[in-house]
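Residue numbers (the numbering used here), protein chains in the order written: chain A, 1239 to 1457; chain B, 1239 to 1457.
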């Protein structure tokens, strides 16, 4: 494997796509062997890119034959860490929290939700995804008891930093943050900001320039 | 402005962050002038990067003085296209759809939701975010009547391609897709895949390698 630090972020972001596609091929389509062309074609990724991405992690597949679907799925799963189970908590039991808990894809990626918390008393005691919503004050114990390293924040913006502080205090090392604010965390904590506004704005940006181009052509 | 095609995607993705921060400075903190250092500091972006990002679009600010907050907000808003209103529809009125409709940030970004649709009869007639959920068959008329270019897909994976096809047929030009599948669309339609599994897997990837490193150190 190449020096891990030198692997492009875009490559790391494509690995889950490969993994899910291989999983589908193995479990639903009974495909044994796949070429980089097939795999890329299904994902809209050029075959050269597929080969390059995988080459960062070792030698897979045989030239002219392709990849063994089962082997490659297992290898990519191991690279990603989804071959293990990662206990996870979620704070913020609103619609977004519910949507995430319902999302079937997560278990396949190794995530196991062991606690859901909310500061609102009216939420406490509700069940979401089969898990009872607890008071935020109980978070620390759940994190300790289940050796949780992964926390999801789906609270309003104003509450997010405090929730993050509490998570880190309890022992969380990676935070998936849906609140539209940048969190301040120690260097050894990883944060992924899932900033939904960026998605919509990048589409608006494209629409807007398309419109400007059309207006220019018509003038 | 530089040739638009040559502007890095990462720059375009940072513009909404600048915009939201400038909006906060202007409307909630009464700040008139901001330096690239201040702006970057609030967002965890190096000041050199802030200046470089903005320089793609023109000359803003004055050396040694900083940026006029109101002017820069207006300029960035115009670049992004959020100074206009973009009518939008959403198909899939489940938890995720609800969470998106509730998200207050969107209106600020120029998005105006004019229709929510669901194939499930049990959903039709419910109100979400003050908008009545309609049958999917009514989508085309709503798109035409409101000149909608932007569509959001929050349906299950299996239904996503058909919904996308119907959207495009009706006149939608940009799709924000939350279903974990790649959509096949004509070249002139822009798709943004908001693939939630990638978020969680990139965190698991980091946790997993951290654990491997720790095990190596301890062995």
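The C-beta atom is built at its ideal place from N, Cα and C for all residues, glycine as well. Since the model is a prediction, treat every value here as computed from it, not as a measurement.
Item: Only counting the same chain, and skipping five residues up and downstream in sequence, which positions put a Cβ closer than 8 Å to that of residue 1363(A)?; Value: 1370, 1371
Item: At a CB distance below 9 Å, what residues from the region 1263-1279 of chain B approach chain A? Give them in sequence order.; Value: none
Item: Closest by CA to residue 1365(B), which one among 1336(B), 1345(B), 1315(B), 1387(B)?; Value: 1336(B)
Item: List, in chain order, every chain B residue whose beta-carbon is nearer than 8 Å to that of residue 1418(A).; Value: 1258, 1343
Item: By the three-class DSSP mapping on this structure, what secondary structure does residue 1367(B) have?; Value: coil
Item: According to a CB-to-CB cut-off of less than 7 Å, which residues of the region 1410-1440 of chain A neighbour chain B?; Value: 1411, 1412, 1414, 1418, 1420, 1428, 1430, 1432, 1434, 1435, 1436, 1437, 1438, 1439, 1440
Item: Give me the residue from 1252(A), 1290(A), 1300(A) with the minimum Cα distance to residue 1281(A).; Value: 1252(A)
Item: Compare the C-beta of residue 1347(B) against all C-beta atoms of chain A and say whether one is closer than 9 Å.; Value: yes
Item: Give every residue of the same chain whose Cβ lies closer than 7 Å to the Cβ of residue 1318(B), excluding the five residues on either side of it in the sequence, and list them in chain order.; Value: 1253, 1254, 1257
Item: Of the choices 1340(B), 1342(B), 1266(B), 1295(B), whose alpha-carbon is the least far from that of residue 1307(B)?; Value: 1266(B)
Item: Considering only residues of the same chain and omitting the five flanking positions on each side of residue 1430(A), which have a CB-CB separation below 6 Å?; Value: 1414
Item: Residue 1241(A) lies in the alpha helix (DSSP H); which residues open and close that run?; Value: Premise fails: residue 1241(A) is in no alpha helix (DSSP H) and is neither H nor E.
Item: Looking only at C-alpha atoms, which of 1268(B), 1375(B), 1423(B), 1283(B) sits nearest to residue 1248(B)?; Value: 1283(B)
Item: By a C-beta neighbour count over all protein chains shown, 10 Å radius and 16 as the cutoff for buried, is residue 1409(A) buried or exposed?; Value: exposed
Item: Between residue 1352(B) and residue 1325(B), how many whole angstroms is the CB-CB distance? I'm expecting something under 8 Å.; Value: 5 Å
Item: For residue 1270(A), which residues does DSSP report across the bridge?; Value: Answer by DSSP bridge pairing: none, since residue 1270(A) is not bridged.
Item: In whole angstroms, what separates the C-alpha of residue 1407(A) from that of residue 1341(B)?; Value: 29 Å
Item: Give every residue of the same chain whose Cβ lies closer than 8 Å to the Cβ of residue 1455(A), excluding the five residues on either side of it in the sequence, and list them in chain order.; Value: none
Item: Hey, how far is the Cα of residue 1446(A) from the Cα of residue 1320(A)?; Value: 39 Å
Item: Under three-state DSSP, which class holds residue 1330(B)?; Value: coil
Item: What are the residues that DSSP puts in a beta bridge with residue 1349(A)?; Value: 1324(A)
Item: Do you know whose CA, among 1424(B), 1428(B), 1394(B), lies nearest residue 1418(B)'s CA?; Value: 1394(B)
Item: For the ligand SAM, I want to know if residue 1242(B) counts as a neighbour, meaning its beta carbon is within less than 8 Å of at least one of the ligand's heavy atoms.; Value: Among the components of this structure there are no ligands whatsoever, and the ligand SAM is therefore not found.
Item: Flag residue 1382(A) as yes if its beta-carbon sits less than 9 Å from any beta-carbon of chain B, otherwise no.; Value: no
Item: Return the first residue and the last residue of the beta strand (DSSP E) that residue 1390(B) is part of.; Value: 1388-1391
Item: So what does DSSP say about residue 1381(A), is it helix, strand or coil?; Value: helix
Item: Determine the closest residue to residue 1194(A) out of 1388(A), 1378(A), 1382(A), 1421(A), with distance taken between C-alpha atoms.; Value: Absent from the structure is residue 1194(A), since the part of chain A shown begins at 1239 and ends at 1457.
Item: State the DSSP-derived secondary structure class of residue 1298(A), mapped to helix, strand or coil.; Value: coil
Item: Tell me the rounded alpha-carbon separation between residue 1338(B) and residue 1270(A).; Value: 39 Å
Item: State the Cα-Cα distance for the pair residue 1412(A) and residue 1435(B), rounded to the nearest angstrom.; Value: 15 Å
Item: Could you check whether residue 1313(A) and residue 1289(A) sit closer than 9 Å to each other, using their CB atoms as the reference points?; Value: no
Item: How would you call residue 1386(A), buried or exposed, if buried means at least 16 neighbouring beta carbons within 10 angstroms?; Value: buried
Item: In chain order, which alpha helix (DSSP H) runs of at least 4 residues are fully inside the region 1417-1457 of chain B?; Value: 1434-1456
Item: Are the CB atoms of residue 1416(A) and residue 1442(A) within a distance shorter than 9 Å?; Value: no
Item: Just checking my contact of residue 1329(B) with residue 1347(A) at CB under 8 Å: how many whole Å lie between their CB atoms?; Value: At roughly 25 Å, the Cβ-Cβ gap does not stay under 8 Å, so residue 1329(B) and residue 1347(A) are not in contact.
Item: Put residue 1412(B) into one of helix, strand or coil per three-state DSSP.; Value: strand
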